[in-house]
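Heads up: the protein sequence lines correspond to chains R and P, in order. Taking the numbering used here, I'd label the letters of the first sequence as residues 1 to 306. Taking the numbering used here, I'd label the letters of the second sequence as residues 1001 to 1367. Quick reminder that beta carbons are idealized off the backbone N, C-alpha and C, glycines included.
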Amino acid sequence: MPAPPPNISVRNRRTSRLVNIGIPYFWLGLFFLLPFVIVLQISVAEPALAQPPYTALWQWVDEGLLRIEINLRNFMMVAQDDLYLSALLNSLQVAFICTLLCLLLGYPMAYAIATSPERWRIILLMLIVLPFWTSFLIRVYAWIGILKSNGLLNDLLLWSGLIDTPLAILHTQTAIYIGVVYSYLPFMILPLYANLTRLDLSLLEAAADLGCRPMRAFLRVTLPLSMAGIVAGSMLVFIPVVGEFVIPDLLGGPDSLMVGKLLWTEFFSNKDWPLASALAIMLLALLVVPFVMMQRLQQRMEGSRP
Amino acid sequence: MQQTSTALMLAATLALPMASPVVCADETLHLYNWSDYVAEDTLSGFASETGIKPRLDVYDSNEVLEAKLFAGRSGYDLVFPTARPFAARHVKADLYLPLDKSKLPGLDRLDPTIVSQLANIDPDNAHLVPYMWGTSGLGINRDKVQAALGETADLDTWALIFDPETAAKLGGCGISLLDDPTEVFSAALAYLGKDPNSLDKADLDAASALIKAIYPHVRYFHSSQYMSDLANGDLCVAMGYSGDVFQAQSRADEAGKGVIVDYVIPREGAAVWTDVMAIPKDAPNPSAAHAFIAYMLQPAAIAAVSNEVYYANPNLAATPLLDESVREDPAIYPPAEVKARLFVPSERSDREIRDLNRFWTRLKANR
Chain R
1 MPAPPPNISV RNRRTSRLVN IGIPYFWLGL FFLLPFVIVL QISVAEPALA
51 QPPYTALWQW VDEGLLRIEI NLRNFMMVAQ DDLYLSALLN SLQVAFICTL
101 LCLLLGYPMA YAIATSPERW RIILLMLIVL PFWTSFLIRV YAWIGILKSN
151 GLLNDLLLWS GLIDTPLAIL HTQTAIYIGV VYSYLPFMIL PLYANLTRLD
201 LSLLEAAADL GCRPMRAFLR VTLPLSMAGI VAGSMLVFIP VVGEFVIPDL
251 LGGPDSLMVG KLLWTEFFSN KDWPLASALA IMLLALLVVP FVMMQRLQQR
301 MEGSRP
Chain P
1001 MQQTSTALML AATLALPMAS PVVCADETLH LYNWSDYVAE DTLSGFASET
1051 GIKPRLDVYD SNEVLEAKLF AGRSGYDLVF PTARPFAARH VKADLYLPLD
1101 KSKLPGLDRL DPTIVSQLAN IDPDNAHLVP YMWGTSGLGI NRDKVQAALG
1151 ETADLDTWAL IFDPETAAKL GGCGISLLDD PTEVFSAALA YLGKDPNSLD
1201 KADLDAASAL IKAIYPHVRY FHSSQYMSDL ANGDLCVAMG YSGDVFQAQS
1251 RADEAGKGVI VDYVIPREGA AVWTDVMAIP KDAPNPSAAH AFIAYMLQPA
1301 AIAAVSNEVY YANPNLAATP LLDESVREDP AIYPPAEVKA RLFVPSERSD
1351 REIRDLNRFW TRLKANR
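Shown next, in the form of structure tokens:
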């Protein structure tokens, strides 16, 4: 590179670095940190019959006396009442199982697309993305028509003689799994596909030349190399599913207690914004742990790469 | 001559906007109402009479409306909450604009009983105007219930859902309850022969034991889904709002699959509710909102709504204008002896409502 006067180049580089780093931080501050602080502030207030329906964090009393009230009872209630804990655990369980199912279904699909002839790939990818052209809500509604007791699936099974009485699938946990896996599968496939297309096929040839059987080569070469895609896809599925509201509400039954529905009840039915905010913050805190762990894992893997 | 005509034209141009202050082309009214709650010609009729362009958004639960009102700056000029407990606490939280009654000449046509009941939650009826009223009873698929219980079974009773043996027989073809603890608890208390508004611990324990006993037979708790499921024959008994069940009835007729839906007011008593019209304090166009209330106070306009949505309206002058099938239907306009068994839900404090709702969540999750 021909060297311009060093001081200008350093300054330019510094400004451009500042801009490059500054924009994402500004974005994060505006759309994550600021809402987070607002929610945190509501979570330490008390519900009130007013507009907005919670007490103010601070209040000027007399001259120069600032009274700040921090109410920790909401967090205590969320921590102590087993209702919230069991809803959180149930949501984590649903999210975990769904992520696993998406991975088991999505990996072979992503692999098949990535290894298919070039001209097919676009069409296959389109088939994955195409459902997004219909509203998410309508696609979940369609599952009601498929799963209900006189719906398409039961009619088909009854007609084929496999069952005598309709299966009760709608309004059960199974229906939630079906709805979630269907809705979130593309979020697993797309990052995996992006990762698998970059796979260097000569590595597999080398493995085969050295006498490695295809299955073993997959386990020792392809799978470890696609770990970044697995992690990315799993996070894209796991994190939104924990807080999912629409699918459990439409497809789940009365006993499918998930944190998204509980948040709705606290916010809308109980008008208890502070408790709902405390619950949201606890949920966030719980989600940060797996996120950080995943990040560590990814860093370690990248570090150990030859 | 030339000069005069120019001056005249100028004057005319200047005077034009003042000559027609009402018919202002871009004056709009933002309504936020329940889904399926106006007649087909309500909005066009209002627009052609006043020149105001109405825009309608719809909701399907009081809670969604309430969250918008409490957050503030909803942008709506007129909303239609249920009086108790919703509009009652909105009045307390000072969310509504006091009405300018000089702009509402039709107020004297309203049923004095309903108006005085509203005065209990809205002193001097300063903010709320009743829109429609109805009951919370049972929607029944007559053929399926009779197939399960026998031809002679009593159908006008809460026992269909609250008697564990009966519920067990009907559970297979589907029972749904409203997802609303106050409604379900009052119905359970009425079935037990207690005061439906009781807050007595022993009464509430008895009611919750009853609900737990029938819980295994309940397919779901939902406040609107039962409409389509009743119409399709997917449910045999649904606890629901009168007008919603009537709409399920007419959808079933339209589908022509032979599903017959009935609405009954159980003989043990049922809750009566009123939906009201109110203007949010920060409404962008309160004068248009007043114009809409005045329009809905006209007997012909409100009668058209009742004829279409099968809810009773509180306008006494509108009764003669109703279709005979609506006016004479005892499930819509109940006769005096049935009316005597209806009860108005009492008010509960926020604390009590929250405790009840949390108890409800726990009960639904069967924990």
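Thinking just about the alpha-carbon of each residue, which of 1359/P, 1357/P, 1319/P is nearest to the one in residue 1111/P?
1319/P
To which residues of the same chain is residue 1220/P closer than 6 Å at the C-beta, ignoring the five residues directly before and after it?
1176
Using a beta-carbon distance below 8 Å, is residue 280/R in contact with chain B?
You won't find chain B in this structure, because its protein chains are R and P.
Is residue 108/R buried or exposed, if buried means 16 or more other CB atoms sit within 10 Å of its CB?
exposed
Could you tell me which whole alpha helix (DSSP H) segments of length 4 or greater appear in the segment 1026-1096 of chain P?
1042-1050, 1062-1071, 1088-1092
Determine contact between the segment 213-225 of chain R and the segment 126-133 of chain R, defined as no fewer than three beta-carbon pairs at a distance below 8 Å.
no
Buried or exposed: residue 1253/P, going by 16 or more other Cβ atoms within 10 Å of its Cβ?
exposed
Cα separation between residue 1313/P and residue 1228/P?
24 Å
Who does residue 59/R pair with in a DSSP beta bridge?
67/R
Environment of residue 1216/P [buried if 16+ CB atoms lie within 10 Å]:
exposed
Under 7 Å Cβ-Cβ, which residues of chain P neighbour residue 51/R?
1070, 1072, 1093, 1095
Would a check of beta-carbon distances place residue 1358/P closer than 8 Å to chain R?
yes
Classify residue 145/R as buried or exposed, calling it buried when 16 or more other Cβ atoms lie within 10 Å of its own Cβ.
exposed
Leaving out the 5 sequence neighbours to the left and right, which residues in its chain are closer than 6 Å to residue 1126/P when beta-carbon positions are compared?
1098
Got a sec? Which residues, its chain only, sit under 7 Å from residue 1333/P by beta carbon, not counting five neighbours each side?
1312, 1327
Could you check whether residue 266/R and residue 279/R sit closer than 8 Å to each other, using their CB atoms as the reference points?
yes
Would you kindly report the start and end of the unbroken alpha helix (DSSP H) that includes residue 308/R?
The structure shown has nothing for residue 308/R, since chain R only spans 1 to 306.
For residue 1112/P, the first and last residue of its enclosing beta strand (DSSP E):
From DSSP, residue 1112/P is part of no beta strand (DSSP E) but of the alpha helix (DSSP H) over 1112-1119.
What are the boundary residues of the alpha helix (DSSP H) that includes residue 1351/P?
1350-1364
Using C-beta distances below 6 Å, list every residue in its chain close to residue 44/R, excluding the 5 sequence neighbours before and after it, in chain order.
70, 71
Taking residue 1141/P and residue 1080/P to be in contact with their CB atoms under 8 Å, please state how far apart those CB atoms are, rounded to whole angstroms.
The Cβ separation is near 30 Å, so there is no contact.
Whose Cβ in chain P lies nearer than 8 Å to the Cβ of residue 267/R?
1067
Close Cβ partners of residue 110/R (< 6 Å) along its chain, the five nearest in sequence each way excluded:
189, 192, 193, 196
By the criterion of Cβ-Cβ separation under 7 Å, what are the contact partners of residue 1063/P in chain R?
268, 269
Please list the partners that residue 1354/P has in chain R, where partner means a Cβ-to-Cβ separation under 7 Å.
270, 272
Rank 1066/P, 1101/P, 1076/P by C-alpha distance to the C-alpha of residue 1086/P and give the top, closest one.
1066/P
Local Cβ density within 10 Å of residue 1162/P, reported as buried at 16 or more and exposed below that
buried
Just grab the DSSP bridge partners of residue 90/R for me.
Paired residues: none, contrary to the question.
Do you know offhand how far residue 1256/P's Cα is from residue 1263/P's?
18 Å
Give the DSSP-derived three-state secondary structure of residue 1345/P in the structure shown.
coil
Sequence-distant residues of its chain with Cβ nearer than 7 Å to residue 1214/P (five each side left out):
1161, 1162, 1164, 1167
Straight-line Cα distance separating residue 276/R from residue 1271/P:
30 Å
Run down chain R in chain order and give the residues with a C-beta less than 8 Å from the C-beta of residue 1361/P.
83, 257, 262, 265
Within 10 Å of its beta-carbon, does residue 99/R have 16 or more other beta-carbons around it, so buried, or fewer, so exposed?
buried
Tell me, which residues are paired with residue 1264/P by DSSP?
1138/P
Within the 8 Å Cβ cut-off, does residue 117/R reach chain P?
no
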